[in-house]
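Per our numbering: the sequence shown = residues 6 to 586.
Every residue, glycine too, gets a C-beta built ideally from N, C-alpha and C.
Here the structure is a predicted model, which is why all the values come from computation and not from measurement.
Down below is the structure, laid out as structure tokens.
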Amino acid sequence: MLGKKSIYRKPAVIIGSLVLLMLLNLVVVNNPMFATRIADLGGKTEQVSTMTPEESNAQLAEMADAIVAEQQKSAELGQQIENLNQRVTTLENKNAKAHVAAKEEVKEMSTKDRLSEGLYNFWLLTGFRNCKIGNIIMILVGILFIFLAIRFEFEPMLLIPIGTGIIVGNIPFFQGFGVTFADAMANLQALDPGTLNFDLDTAKALLVAVFGDNPGDKHMVLSEAIKQVEHLNMADYGLVNNDIEGVKGLMTSVFQSGELNLQTGLYQKGSVLNYLYFGVTSGVYPPLIFLGIGAMTDFSSLIANPKLMILGAAAQLGVFITFIGALYLGFNLREAGAIGIIGGADGPTAIFLSSRLANGMNGTRNLIGPIAIAAYSYMALVPVIQPPIIRLLTTKEERLIKMGAPRMVNKTEKIMFPIVGLILTTFISPTALPLLGMLFFGNIIKESGVVKRLQNTASNPLIDIVTIVLGLTVGASTQASVFLTSSSIKIFILGAASFCVATAGGLLGAKLMNLFLKEKINPMIGAAGVSAVPDSARVVEVEGQKYDPSNHLLMHAMAPNVSGVIGSAVAAGVMMSFLMM
Numbered sequence: 006m007l008g009k010k011s012i013y014r015k016p017a018v019i020i021g022s023l024v025l026l027m028l029l030n031l032v033v034v035n036n037p038m039f040a041t042r043i044a045d046l047g048g049k050t051e052q053v054s055t056m057t058p059e060e061s062n063a064q065l066a067e068m069a070d071a072i073v074a075e076q077q078k079s080a081e082l083g084q085q086i087e088n089l090n091q092r093v094t095t096l097e098n099k100n101a102k103a104h105v106a107a108k109e110e111v112k113e114m115s116t117k118d119r120l121s122e123g124l125y126n127f128w129l130l131t132g133f134r135n136c137k138i139g140n141i142i143m144i145l146v147g148i149l150f151i152f153l154a155i156r157f158e159f160e161p162m163l164l165i166p167i168g169t170g171i172i173v174g175n176i177p178f179f180q181g182f183g184v185t186f187a188d189a190m191a192n193l194q195a196l197d198p199g200t201l202n203f204d205l206d207t208a209k210a211l212l213v214a215v216f217g218d219n220p221g222d223k224h225m226v227l228s229e230a231i232k233q234v235e236h237l238n239m240a241d242y243g244l245v246n247n248d249i250e251g252v253k254g255l256m257t258s259v260f261q262s263g264e265l266n267l268q269t270g271l272y273q274k275g276s277v278l279n280y281l282y283f284g285v286t287s288g289v290y291p292p293l294i295f296l297g298i299g300a301m302t303d304f305s306s307l308i309a310n311p312k313l314m315i316l317g318a319a320a321q322l323g324v325f326i327t328f329i330g331a332l333y334l335g336f337n338l339r340e341a342g343a344i345g346i347i348g349g350a351d352g353p354t355a356i357f358l359s360s361r362l363a364n365g366m367n368g369t370r371n372l373i374g375p376i377a378i379a380a381y382s383y384m385a386l387v388p389v390i391q392p393p394i395i396r397l398l399t400t401k402e403e404r405l406i407k408m409g410a411p412r413m414v415n416k417t418e419k420i421m422f423p424i425v426g427l428i429l430t431t432f433i434s435p436t437a438l439p440l441l442g443m444l445f446f447g448n449i450i451k452e453s454g455v456v457k458r459l460q461n462t463a464s465n466p467l468i469d470i471v472t473i474v475l476g477l478t479v480g481a482s483t484q485a486s487v488f489l490t491s492s493s494i495k496i497f498i499l500g501a502a503s504f505c506v507a508t509a510g511g512l513l514g515a516k517l518m519n520l521f522l523k524e525k526i527n528p529m530i531g532a533a534g535v536s537a538v539p540d541s542a543r544v545v546e547v548e549g550q551k552y553d554p555s556n557h558l559l560m561h562a563m564a565p566n567v568s569g570v571i572g573s574a575v576a577a578g579v580m581m582s583f584l585m586m
């Protein structure tokens, strides 16, 4: 009998129990897997029950053998683990001994050999060890530039940065051990033939030419190899001038293993000087210089007497005569065009044109450094070069000619001149737009009178900063291994000749004009047709006062002087139009 308090008296419990029993019946009893398991168990039970004693003993023996075999395997595995542990212990002991020996060796080296090794590395990187006669020559040239700037005030704002740059660019430093001729040949053989622009035999012939006769164990660095390549005649190897870039690429691949880039020199990628030099090679700095010149220049004297613009054009004779002379001395068309612009006596224009025509690409040599140095050198030497030419080509009577004061120019004329000049000159020579556009833009800023801050920035801080960076990098580009070549000597000779021809062209142009003018002009102002602003005009003023202290020619000379700035930029544009296509 169930007690009164039994849980089974409660209907909910009874119903729940019934539901649980039904679920167990569905899940367990009616489950096929369960039924199969029961059947297998029954079959095995029946099979065991039907086995004879002999069969049962045999099965037990088999099970015993299997257990013994497993035990043997376990013992063998244990033995192997023990052997591995012993080997690991042995290796750890050896490593510990080697580590202790290495520490002792380092300790011994640090006390005996480290000092000598450090001193050797220090000596290897010093300028004394890497100095060559070319470095000494160029450093002396830099000192000479600084001396001329300070002692005689020859363009100090140009010569001091350039002279310092020459010294900086020729401080010798370690460029690597270089490669021998045998190493170079081995590196060439290891190159993928598909990467060469010419056959392997031609590449070998080029390497032989670069190293010269009897190379022996001579070590050569990449910069020296590139210098040698620039003096090879590509036609001798079945190549054209435009293939020189491929040859330089070959030398880079062959000599790269012997290079050490300390990011020190101007021509080493990643150096500070290399980044600053980008403004020279890409032609960024010259237009900024022209912007500052435009913001400082007063074109009133030219506006008042526009016929004097002819003298600026006549002085460009030196540009085209020098172009012909450069061709005669073996320079190609592009190089000759860049060299010819030295006759304009305009450093920024010379840099701009050489960065386009003689930049080491399209079959040309990199002549930016020699051309820039030549142009700025002769600009600084205007007080030395021009007076003898003036005296040679003019008579005393002509030097005594007085010119009336120029008329006053109103503000409207001053504003219209740069606008009209910009449109007219760039329509004639669109390739000179970077120079002429910035020149006239700077003058518009000045003459407008409403943007004093822009004028002050362009004419003072901006042009001063660009002049510092430009002069320093141009000077540093005269690295002895690159600069001291026969080409540089030829460029300096041509530069001197072009400057003299330009000065003579202006003087003869003035004498020719006097044949047709009722009111004569002093021929000396023709010498100011070169664009060395304002030095040429000052030379004319000084020469005029030597013969008549009351004869002031400065304002008159400024007209052909500023005209020469425009003329040299137009001449550069004409050169580019003819030679870049």
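How should Ala515 be labelled, buried or exposed, when 16 other C-beta atoms within 10 angstroms of its C-beta is the threshold for buried? buried
Burial state of Glu524 (16 or more Cβ within 10 Å): exposed
Restricting to Cα atoms, I'd like to know which of His236, Leu130, Gly132, Val506 is closest to Asn337. His236
Sort out for me which residues DSSP pairs Asn364 with in a bridge. Asn371
What three-state label does DSSP hand Val245 in the structure shown? coil
Residues bridged to Val184 by DSSP? Met225
On a Cα-Cα basis, can you pick out the residue from Leu211, Gln180, Phe446, Phe179 that is closest to Leu193? Leu211
Contact defined as beta carbons within less than 8 Å: I believe Pro166 pairs with Asn140. What is the distance between those atoms, to the nearest angstrom? Not a contact, Cβ separation roughly 20 Å.
C-beta contact flag for Gly181 and Val226 at 8 Å: yes
Can you say whether Ser287 is buried or exposed, counting buried as having 16 or more other CB atoms within 10 angstroms of its CB? exposed
Out of Met443, Pro411, Arg370, state which residue places its alpha-carbon closest to the alpha-carbon of Glu250. Arg370
Report the residue from Met518, Ile498, Leu559, Lys551 whose alpha carbon sits nearest the alpha carbon of Ala533. Leu559
For the alpha helix (DSSP H) that contains His561, what are its first and last residues? 559–584
Applying the 10 Å Cβ sphere with the 16-neighbour rule, what's the burial state of Met200? The sequence as given places Thr at residue 200; Met does not occur at that position. Exposed, because fewer than 16 other Cβ atoms sit within 10 Å of the Cβ of Thr200.
Beta-carbon proximity list for Leu307, same chain, < 7 Å, skipping 5 on both sides: Leu313, Met314, Ala564, Val567, Ser568
Would Ala562 and Thr354 be called neighbours here (beta carbons separated by less than 8 Å)? no
Smallest Cα separation from Ser4: which of Ala507, Ile298, Pro539? An answer regarding residue 4 cannot be provided, because it is not within the stretch 6 to 586 covered by the chain.
Alpha carbons only, please: which of Thr483, Leu584, Arg412 is nearest the one belonging to Thr436? Leu584
Could you work out which residue in Leu153, Asp118, Tyr290 is closest to Val387 when comparing CA atoms only? Leu153
Mind reading off the beta-carbon distance from Gly480 to Gly170? Whole number of angstroms is fine, and I expect it under 8 Å. 2 Å
Own chain, CB closer than 7 Å to Met239, minus 5 neighbours either side, in chain order: Val245, Asn246, Asp248, Ile249
How about Met349 and Ser541: do their beta carbons lie closer than 8 Å? The question names Met, but residue 349 in the sequence shown is Gly. Result no, Cβ atoms of Gly349 and Ser541 do not sit closer than 8 Å.
Which two residues bound the contiguous alpha helix (DSSP H) that contains Pro439? 438–453
Work out the CA separation of Phe260 and Glu602 for me, nearest whole Å. For residue 602 there is no data in the structure shown, the boundaries of the chain being 6 and 586.
Boundaries of the alpha helix (DSSP H) in which Lys419 is found, first to last residue: 416–433
Determine the DSSP secondary structure at Met408, reduced to helix, strand or coil. coil
When the Cα of Gly243 is compared with those of Leu322, Met256, Leu205, Tyr272, which residue comes out closest? Leu205
By the DSSP assignment, the alpha helix (DSSP H) with Ala214 in it spans what residues? 205–216
What is the rounded straight-line gap between the Cα of Tyr282 and the Cα of Leu96? 58 Å
Using the three-state DSSP reduction, which class does Asp70 fall into: helix, strand or coil? helix
Helix, strand or coil for Glu548, going by three-state DSSP, please let me know. helix
Does the separation of the CB atoms of Ala385 and Leu163 fall below 8 Å? yes
Per-residue burial, Ala319 [other beta carbons within 10 Å of its own, 16 or more giving buried]: buried
By the three-class DSSP mapping on this structure, what secondary structure does Gly534 have? helix
Between which two residues does the alpha helix (DSSP H) harbouring Glu235 extend? Glu235 -> no alpha helix (DSSP H), and no H or E assigned at all.
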